[in-house]
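Numbering (mature numbering (1 follows the signal peptide of the UniProt record, and there is no 0)), first residue to last: -24 to -1, 1 to 95.
Structure, rendered in structure tokens:
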């Protein structure tokens, strides 16, 4: 096999792998849970998003991560995950949170998971 077909094959395989990397989860900045908001199906806000967590980053900036609804379709949190966020809220400064997210509609950060660490 000559070099040209090998390079073409390599370029094609690389191009196929790039979209997967572009859609990978991103890591947010470490911080503490400042607030957790939940909307039940009877709420007018539930259609936009089902819930959010506010993280106060070490820089002092507060950032919201949402899940569910039209802003974050397909990005749901389990009841267990929501309970862990409430526990992190209760523990405040004793627990650090590193959120993972995907870009959602309207530029929102849609929570896909998180890491909890004891300080």
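Glycine residues also receive a C-beta, built at the ideal position from the N, C-alpha and C atoms.
Quick one: residues in its chain with C-beta nearer than 8 Å to the C-beta of residue i, no 5 flanking neighbours on either side, listed in chain order?
i, result
"residue 82", "47"
"residue 25", "15, 42, 43, 44, 45, 46, 47, 48, 84"
"residue 86", "41, 42, 43, 47, 48, 51, 77, 78, 79, 80"
"residue 70", "94, 95"
Between residue i and residue j, is the Cβ-Cβ spacing less than 9 Å?
i, j, result
"residue 8", "residue 31", "yes"
"residue 97", "residue 76", "Here the chain has residues from -24 to 95 only, and residue 97 is not among them."
"residue 22", "residue 45", "yes"
"residue 72", "residue 54", "no"
"residue 18", "residue 78", "no"
"residue 89", "residue 67", "no"
"residue 11", "residue 65", "yes"
Could you tell me which of the options sits nearest to residue i, measuring between CA atoms?
i, options, result
"residue 35", "89, 63, 11, 6", "6"
"residue 63", "38, 92, 20", "92"
Could you name the residues of the same chain whose beta carbon sits closer than 7 Å to that of residue i, not counting the 5 residues immediately before and after it, in chain order?
i, result
"residue 74", "3, 4, 6, 90, 91"
"residue 61", "9, 12, 29"
Any beta-carbon of chain B closer than 9 Å to the one on residue i?
i, result
"residue 27", "Absent from the structure: chain B. Only one protein chain is present."
_Sequence ranges, alpha helix (DSSP H) only - wholly within the region 26 to 79, length at least 4_ = 55 to 67
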